[in-house]
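Colleague: Just so we're aligned: 235 in the numbering used here is position 235 of the sequence shown, and the numbers increase by one with no gaps anywhere. Ideal Cβ placement from N, Cα and C applies to all residues, glycine included.
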Amino acid sequence: MLAASPRAPLASLSNRENLISLTMGNKSALNKVTAPHPPQSQLNTPLEKVTIPGTIPLQELQLIALIGEGGFGSVYSGIDNKYGEVAVKICNIGDSADVEDVAHEISVHRKLQPRGSFKEGMHVQFYYHIEQPTRSLIVMELIKGVDLEDYAALRPHGRLEESEARAIAFPFLKAIEYFHSQGVAHLDIKPTNLLIDQNGYPRLIDYGSSAIFEGSEGLVTEQGGTDNYKAPERHEATTDEEFCGPAADM
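1) Would you call the CB atoms of serine 74 and alanine 87 closer than 8 angstroms?
2) For phenylalanine 118, count neighbouring Cβ atoms within 10 angstroms of its own Cβ and tell me buried if that reaches 16, exposed if not.
3) Tell me the start and end of each unbroken alpha helix (DSSP H) in the segment 146-214 that is at least 4 residues and wholly inside, in chain order.
4) Kindly identify the DSSP beta-bridge partner or partners of methionine 140.
5) Out of Phe172, Gln113, Ser210, point me to the one whose CA is closest to glycine 245's CA.
6) May I ask you to report which of helix, strand or coil DSSP gives alanine 231?
7) Hey, glycine 208 and glutamate 105: beta-carbon distance below 8 angstroms or not?
8) Counting Cβ pairs closer than 8 angstroms, one from the segment 141-151 and one from the segment 95-114, do we hit at least three?
9) Sorted by chain position, which residues of the same chain lie with C-beta nearer than 7 angstroms to lysine 190's C-beta, five sequence neighbours on each side aside?
10) Should alanine 175 be labelled buried (16 or more other beta-carbon atoms within 10 Å of its own) or exposed?
11) Determine the burial state of histidine 235: buried for a count of at least 16 other Cβ atoms within 10 Å of its Cβ, exposed for fewer.
12) Over the uninterrupted alpha helix (DSSP H) stretch that includes isoleucine 106, give me the two end residues.
13) Distance, Cα to Cα, glutamate 120 vs phenylalanine 126?
14) On a Cα-Cα basis, can you pick out the residue from Ser136, Glu214, Ala231 that is closest to histidine 180?
15) Spatial neighbours of arginine 251 within its chain, please: C-beta separation below 8 angstroms, excluding the five flanking residues on both sides.
16) Straight-line CA distance for alanine 231 to threonine 134?
17) May I have the straight-line CA-CA distance separating glutamate 177 from leucine 219, to the nearest angstrom?
18) Check whether chain B comes within 8 angstroms of phenylalanine 172, counting only Cβ atoms and requiring the distance to be less than that.
19) Tell me which residues share the same chain as phenylalanine 172 and place their Cβ nearer than 8 angstroms to its Cβ, disregarding the 5 neighbours each side in the sequence.
20) In terms of alpha-carbon separation, which member of Ile64, Gly200, Ile138 lies closest to glutamate 85?
21) Taking DSSP's pairing of strands, which residues face isoleucine 93 in a bridge?
22) Quick check on glutamate 253: does DSSP put it in helix, strand or coil?
23) Mapping DSSP to helix, strand and coil, what is glutamate 236?
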């Protein structure tokens, strides 16, 4: 077990300031966060503002900029009256399978935040979600920074120095350890899912492929993720065949 604080190694490294300045200096990558508001045609229906009724106090959510797209839908930066800057994942709902996928991802967030607790640096903080007839919105912490792939590309020869790699690896492993301790296997670990935030710390994102497991064996059947980064046993597994989720993450 790794017992030290996940942030401790970075504080003692002399290159921490360089790591932070490089992250903040990557203007092209940070434009993903600060880009102009996208055309309304990029949304299925107008959603500049959403009124959220419910048990929580009435809030207004305003979308600001498109920061990511994929088969799951789109991710926007936004402003929430209660939480301030947020990330909003908009999942298009076409059938019952889409509904189940969204429900599963929300379940993963809640597993990582038992009783609403938030472990700083271990996961992306989940705030709330909104259900609409044709889409679901997952509102969570906005992490400003660059992914590990872009970050490494800025380094000499396109790779990290050993001290930088150590500074990133230790808190990253602590985050993985935390996921597994909560019964969650990420199952899509890759450079583009590891963000270096504006403070120079690595943050593991995107839980759409994650699996929830019970028991010490950690057996799961989920087949999501990115083929080029899957563990060998996952390539060999057939649909519904069990494999060890935590081992596949490592």
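Modeller: According to the structure data:
1) In this structure, serine 74 sits away from alanine 87, with a CB-CB distance that is not shorter than 8 angstroms.
2) For phenylalanine 118, the number of other beta carbons within 10 angstroms of its own is below 16, and it is reported as exposed.
3) The qualifying runs are 148-153, 162-181.
4) Residue pairing for methionine 140: DSSP places it in a beta bridge opposite Ala87, Phe126.
5) Considering only alpha carbons, the answer is Ser210.
6) DSSP, reduced to helix, strand and coil, places alanine 231 outside both helices and strands of the structure shown, so it counts as coil.
7) Between glycine 208 and glutamate 105, the CB-CB gap stays under 8 angstroms.
8) Inter-segment contact for the segment 141-151 and the segment 95-114 is absent: fewer than three beta-carbon pairs are separated by less than 8 angstroms.
9) Cβ contact annotation for lysine 190 (same chain, cutoff 7 angstroms, sequence separation greater than five): Thr226, Tyr229, in chain order.
10) Alanine 175 should be labelled buried.
11) With fewer than 16 other Cβ atoms from the protein chains shown falling within 10 Å of its own Cβ, histidine 235 counts as exposed.
12) Counting along the chain, the unbroken alpha helix (DSSP H) around isoleucine 106 starts and ends at 96-112.
13) Distance between the alpha carbons of glutamate 120 and phenylalanine 126: 12 angstroms.
14) It is Glu214 whose Cα lies nearest to the Cα of histidine 180.
15) The structure shown does not extend to residue 251, since the chain is modelled only from 1 through 250, so no value can be given for it.
16) Going from the Cα of alanine 231 to the Cα of threonine 134 covers about 34 angstroms.
17) Note on geometry: alpha-carbon atoms of glutamate 177 and leucine 219 lie some 16 angstroms from one another.
18) The question asks about chain B, but that chain is absent: this structure has only one protein chain.
19) The answer, listed in chain order, is Leu194, Pro202, Leu204.
20) If we check each option's Cα against that of glutamate 85, Ile64 comes out closest.
21) Per DSSP, none; premise fails for isoleucine 93.
22) Nothing in the structure corresponds to residue 253, since the chain is present only between 1 and 250.
23) If DSSP states are grouped into helix, strand and coil, glutamate 236 belongs with the helices.
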